[in-house]
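In UniProt numbering, the protein residues as written are 1 to 226.
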């Protein structure tokens, strides 16, 4: 299965005749699933860009690859790797690689509930706000999640994933916690087109550099299924 969601924004507006504001932005999500047999292969990518006049206001991207071994069994396994960047917040970049044990607690044609327990290695490079200095860190972390999927009717399906990641940082003699949620409501319009609403939120109790602890985003887009 291949799925793409895209959005585009471009306009010019101004509060003063001599001070125009030009805005250009886009978002693009591309997901692919491949199930040739007892194993599953997943590719997820997200890109968000927003430019105001000549300045890049938002520039975020993420590429994620995952392999699920023995996926039809109640207890199965997976490995993953991820690359991401968030230039507006000063992340250049983040690398993640790890694995987990998944437990299909409930699985049916219209409803599934599962959880995964695992670990990962994480590398990050951050720019200190308003400075030219960078900080590089790497951690071994516990990485766990709960996933809920439900088909509400023949037109609407719901998907929610909650992550909890924690690792010990010797430099602060303490743990760094990260909690995140991704909720997607998909409404089928035709056999190929759907309206996709996505809400994402993430919280880190001890950011590496002094930035906002909680970030969130809401997006609506038209998705194409192949």
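Where a beta carbon is used, it is the ideal one built from N, C-alpha and C, also for glycine.
Are residue 190 and residue 221 close, meaning C-beta to C-beta below 9 Å?
In this structure, residue 221 does not lie closer than 9 Å to residue 190 by Cβ.
If we ignore side chains and look at the alpha-carbon of each, how far apart do residue 49 and residue 58 end up?
5 Å
Buried or exposed for residue 198, please, with buried defined as at least 16 other CB atoms from any protein chain shown within 10 angstroms of its CB.
buried
Assuming residue 78 and residue 94 are in contact, meaning their beta carbons sit under 8 Å apart, how far apart are those beta carbons, in whole angstroms?
So it is not a contact: roughly 19 Å between Cβ atoms.
Taking 9 Å as the cut-off, decide whether the C-beta atoms of residue 154 and residue 180 are in contact.
The Cβ atoms of residue 154 and residue 180 do not sit closer than 9 Å to each other.
Starting from residue 227, trace the beta strand (DSSP E) both ways and give me its first and last residue.
Beyond the ends of the chain as shown, which are 1 and 226, falls residue 227; an answer cannot be given.
Buried or exposed, going by whether 16 or more other CB atoms sit within 10 Å of the CB of residue 54?
exposed
Top-ranked residue by Cα proximity to residue 98, from 7, 119, 86:
Nearest C-alpha to residue 98: 119.
Beta-carbon of residue 98 versus every beta-carbon of chain C: anything under 9 Å?
No chain C appears in the structure shown, which is made up of a single protein chain.
Those runs of the beta strand (DSSP E) which lie wholly inside the segment 24-87 and span at least 3 residues:
Taking only runs of at least 3 residues, the beta strand (DSSP E) segments lying wholly in the segment 24-87 are 40-52, 55-69, 75-86.
Could you tell me the distance, in whole angstroms, from the CA atom of residue 194 to the CA atom of residue 131?
43 Å
Among 60, 5, 75, which one has its Cα closest to the Cα of residue 39?
75
From 123, 87, 114, residue whose alpha carbon lies closest to that of residue 146:
114
Any idea which residues DSSP pairs residue 147 with across the strands?
Among the bridge pairs identified by DSSP, residue 147 is matched with 114, 161.
Own chain, CB closer than 6 Å to residue 206, minus 5 neighbours either side, in chain order:
176
On the CB-based measure, 16 or more other CB atoms within 10 Å of its CB, does residue 96 come out buried or exposed?
buried
Could you tell me the alpha carbon to alpha carbon distance between residue 214 and residue 25, rounded to whole angstroms?
23 Å
Local conformation of residue 21 per DSSP, three classes:
strand
Check residue 194 in the structure and name its three-state DSSP category.
Under the three-state reduction of DSSP, residue 194 is assigned to strand.
Once you ignore the five residues that flank residue 125 on each side, which residues in its own chain have a CB closer than 7 Å to its CB?
92, 93, 134, 136
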